[in-house]
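**Student:** Under the working numbering, the first residue of the sequence shown carries the number 2, and numbering increases by one thereafter.
For every residue, glycine included, the Cβ atom is placed at its ideal position computed from N, Cα and C.
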Amino acid sequence: MSQQQEPKQRSSESGFEIKDVYDSNDLAGFDVATELAEPGEFPYTRGVYPSMYTGRPWTMRQYAGFGTAAESNERYRQLLAAGTTGLSVAFDLPTQMGMDSDSDLAHGEVGKVGVAIDSIEDMRTLFNDIPLDQVSTSMTINAPAAILLLMYQLVAEENGIDASALNGTIQNDILKEYIARGTYIYPPQESLRLITDIFSYCKAELPNWNTISISGYHMAEAGANPAQEIAFTLSNGKAYVQAAIDAGLDVDDFAPRLAFFFVSRTSFLEEVAKFRAARRMWARIMRDEFGAKNPKSHMLRFHTQTAGVQLTAQQPEVNLVRVAVQGLAAVLGGTQSLHTNSFDEAIALPTEKAARLALRTQQVLAFETDVTATVDPFAGSYVVENLTDEVEAKALELIAQVEERGGAVASIEQGFQKMEIENTAYAISQQIDSGERIVVGVNKYTVNEEDHYEPLRVNPAIEAEQCERLAAIRAGRDNEKVQELLTLITNTAKGDGNLLYPMKEALKARATVGEVSDALRAVWGKYQPREFF
């Protein structure tokens, strides 16, 4: 009879010990009455709504966009026909950086990682024949978020849809760009001014729009562990709330429209715990630190995307399994909407078939499993409740370190969050290289020969086509009026008026993304990050 092997000690992604067995002793000091309040009740550990998915599933929102607006419109129609319940727009790099397709710096990047949007005419094409009052649209755009939101509003109004009927989200989270992603334009304080103008504008003009999606996803993609992800995300959230209050807004006037965006990794149990901890922490931050009285201001509502960073180009079909596990963790953690990555995203833009399979993964979870039959299935689990406490404790330590340095913006300027994330990413890389961390198909269970896979490729000719369209727009508009409106934006940026009103008029007159961004660059300049050694 063979001797039983001693179990190997494992640590969580956030660095605390995972025990072999959990029991009631691991919940010593656990306040059941508080921590396991009913779903839909403060502090929302068990979910922000009483019924969660027992009434209806989460929003199935597939992230898509590539090439021209016409090509992306076709993909959106395919996804809607396949049963997606929300659109999520990926913009190309020039658009994300506030540049037009004919900018010298845009060369070679037009339409590559998302759709190229230069003017309101592109936005019309992007949403052609899509009922904007019936579809929830999320836009992954940050520095130029106001511009793309206003274009969306203008297209809706052209189609007779009142702005109050529009439902969706702009990412609009510039602080995480300085930490992890890099698509910033203006310095932090000026960026915060623009964000608070968006909060104020949407309260008056687009009351059902989520004005910001405070994002941990990109920090996780850069290497952040679960505790770092929620700590730095909630710290950024606090900075946005304080900036809005400092600008004269009442916390309960804008906080109900704040949303969040997290990753879901294959570390299943810790991810479920992370989502539960984040809800609990935000509820207490909003009530106790900011004095929010509206229960909706306490609720952390979030979108989840499965972990693109964990997908592999080797044996890409294995990614179907990874995505299913990650999607299940997000659902059991109580997400409000979900994007499941396509299995081929480590190679290229998703093909139509791969995107459909990713959506089908969500549909299997929603309609073929029983996870939607009850709310918060892991409540009371010894291991998950313990992990929830552990993740929260780690995250609170990190938030305290951010506060000691003067808050999120000051810590960004000192390079604190970026350095913490890079250290974690380096440690993970070392573990993979040494074989301590197994990545199936990469450092274990490899094959000698991969199957041939034909990726989706963007036609490089679209750059010239976009430039031709831009030239036609500039030739056919009232350029004197456009220049007057761009000057008005610049003058408003020098003062304290709400920038979105003159921006809307300029875009209506067919000013471009690059021109409106340049009107702000003329006053605010461009952010130059400090170098840290």
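1) Out of Arg511, Thr60, Thr493, Gln467, state which residue places its alpha-carbon closest to the alpha-carbon of Gly109.
2) How long is the line joining the alpha carbons of Leu508 and Ser13, rounded to whole angstroms?
3) Using DSSP bridges, identify the partner residues of Arg11.
4) Return no unless some Cβ of chain D is closer than 8 Å to the Cβ of Arg280.
5) Give the C-beta separation of Ile196 and Leu235 to the nearest angstrom, bearing in mind that I take them to be a contact with Cβ-Cβ under 8 Å.
6) What does a CB cutoff of less than 7 Å around Ala510 pick up in its chain, not counting 5 residues either side in sequence?
7) Classify His219 as helix, strand or coil using the three-state DSSP reduction.
8) Three or more C-beta pairs under 8 Å: does that hold for the region 203–211 against the region 428–441?
9) Between which two residues does the alpha helix (DSSP H) carrying Gln337 extend?
10) Shortest alpha-carbon distance to Glu318 belongs to which of Ile246, Glu451, Ala71, Tyr54?
11) Under a Cβ-count criterion, where at least 16 other Cβ atoms within 10 Å of its own Cβ denotes burial, should Val111 be classed as buried or exposed?
12) Below 8 Å on the Cβ atoms is my guess for Gln63 versus Leu360; work out the distance and round it to an integer in Å.
13) Where does Ala510 sit, in a helix, a strand or coil, going by DSSP?
14) Among Pro296, Ser268, Leu501, which one has its Cα closest to the Cα of Arg281?
15) CA-CA distance, Ile324 and Lys354?
16) Please give me, in chain order, every unbroken run of the beta strand (DSSP E) with length at least 3 that falls completely inside the region 122–170.
17) Rounded to whole angstroms, what is the Cα-Cα separation between Asp251 and Arg522?
18) Which residue comes first and which comes last in the alpha helix (DSSP H) that contains Gly477?
19) Quick check: what's the CA-CA separation for Ser137 versus Ala166?
20) Going by beta carbon distance, what residues of the same chain come within less than 7 Å of Ala240, once the five residues before and after it are set aside?
21) Quick test of your reading: Ile180 and Lys419, contact by CB under 8 Å. State the CB separation rounded to the nearest angstrom.
22) Going by beta-carbon coordinates alone, are Leu399 and Gln229 separated by less than 8 Å?
23) Identify every run of the alpha helix (DSSP H) within the region 264–319, keeping only runs that are complete inside it and at least 4 residues long; order them along the chain.
24) Can you list the beta strand (DSSP E) stretches of 3 or more residues lying completely in the region 72–116, in chain order?
25) Which of the three DSSP states is assigned to Tyr241 in this structure?
26) Thinking C-alpha only, which one of Ala396, Asp377, Val376, Thr86 is nearest Thr60?
27) In this structure, does DSSP put Phe261 in helix, strand or coil?
28) Express the C-alpha separation of Gly99 and Asp497 in angstroms, rounding to a whole number.
29) From the DSSP secondary-structure annotation, give me the bridge partner or partners of Arg62.
30) Identify whether Gly68 lies in helix, strand or coil by the three-state DSSP scheme.
**Tutor:** On the basis of the coordinates in this document:
1) For the purposes of this step, residue 109 is identified with residue 108 of the sequence shown, where counting begins at 1. With distances taken between Cα atoms, Gly109 lies closest to Gln467.
2) For this step, residue 508 is matched to residue 507 along the sequence shown. For this step, residue 13 is matched to residue 12 along the sequence shown. If I take the Cα positions, the gap works out to 49 Å.
3) Within the sequence shown, residue 11 is the residue found at index 10, counting from 1. In the DSSP output, where bridge partners are listed per residue, Arg11 has Ile19.
4) Looking at the structure shown, chain D is missing, and only one protein chain is on hand.
5) What you label residue 196 is simply residue 195 of the sequence shown in a count that begins at 1. What you label residue 235 is simply residue 234 of the sequence shown in a count that begins at 1. At roughly 16 Å, the Cβ-Cβ gap does not stay under 8 Å, so Ile196 and Leu235 are not in contact.
6) Numbered from its first residue, the sequence shown carries residue 510 at position 509. Answer for Ala510: Arg478, Asp479, Lys482, Val483, Leu486, listed in chain order.
7) Residue 219 sits at position 218 when you count from the first residue of the sequence shown. Note: His219 maps to helix in three-state DSSP.
8) no
9) Here residue 337 corresponds to residue number 336 of the sequence shown, with the count starting at 1. From DSSP, Gln337 is part of no alpha helix (DSSP H); its letter is neither H nor E.
10) Position 317 of the sequence shown, counting from 1, holds the residue named residue 318. Nearest C-alpha to Glu318: Glu451.
11) Translated into positions along the sequence shown, residue 111 becomes position 110. Buried: at least 16 other Cβ atoms inside 10 Å.
12) What you label residue 63 is simply residue 62 of the sequence shown in a count that begins at 1. What you label residue 360 is simply residue 359 of the sequence shown in a count that begins at 1. Right, their Cβ atoms sit about 6 Å apart.
13) Taking the sequence shown and counting its residues from 1, one reaches residue 510 at position 509. Here Ala510 sits in coil by DSSP.
14) For the purposes of this step, residue 281 is identified with residue 280 of the sequence shown, where counting begins at 1. Arg281 has its Cα closest to that of Pro296, out of Pro296, Ser268, Leu501.
15) Reading the sequence shown from its first residue, position 323 is the one you call residue 324. Reading the sequence shown from its first residue, position 353 is the one you call residue 354. It is worth fixing the name first, because residue 324 is Val in this sequence and not Ile. Approximately 15 Å between the Cα atoms of the pair.
16) 137–141
17) Counted from its first residue, the sequence shown places residue 251 at position 250. Counted from its first residue, the sequence shown places residue 522 at position 521. One C-alpha to the other measures close to 29 Å.
18) Within the sequence shown, numbered from 1, the residue matching residue 477 stands at position 476. It spans 463–477 - the alpha helix (DSSP H) in which Gly477 sits, taken as one unbroken run.
19) Along the sequence shown, read from residue 1 onward, the residue named residue 137 stands at position 136. Along the sequence shown, read from residue 1 onward, the residue named residue 166 stands at position 165. In a straight line, the C-alpha of Ser137 is about 10 Å away from that of Ala166.
20) Reading the sequence shown from its first residue, position 239 is the one you call residue 240. So the qualifying residues of the chain are Leu176, Gly408, Ala409, Val410.
21) The sequence position of residue 180 within the sequence shown is 179, counting from 1. The sequence position of residue 419 within the sequence shown is 418, counting from 1. Indeed they touch by this definition, with Cβ atoms about 5 Å apart.
22) Taking the sequence shown and counting its residues from 1, one reaches residue 399 at position 398. Taking the sequence shown and counting its residues from 1, one reaches residue 229 at position 228. Going by C-beta atoms, Leu399 is nearer than 8 Å to Gln229.
23) 269–285, 296–299
24) 87–91
25) Counted from its first residue, the sequence shown places residue 241 at position 240. It is helical.
26) Within the sequence shown, numbered from 1, the residue matching residue 60 stands at position 59. Among Ala396, Asp377, Val376, Thr86, the Cα nearest to that of Thr60 belongs to Thr86.
27) On the sequence shown, position 260 is the one that residue 261 refers to. DSSP places Phe261 in strand when its eight states are reduced to three.
28) As a working mapping, residue 497 is identified with position 496 in the sequence shown. As a working mapping, residue 99 is identified with position 98 in the sequence shown. Taking the straight line from one Cα to the other gives about 22 Å.
29) The count along the sequence shown starts at 1 and reaches residue 62 at position 61. DSSP, once it has assigned bridges, lists Gly87 as partnering Arg62.
30) Start at 1 with the first residue of the sequence shown, and residue 68 comes out as number 67. Gly68: strand per DSSP, three-state reduction.
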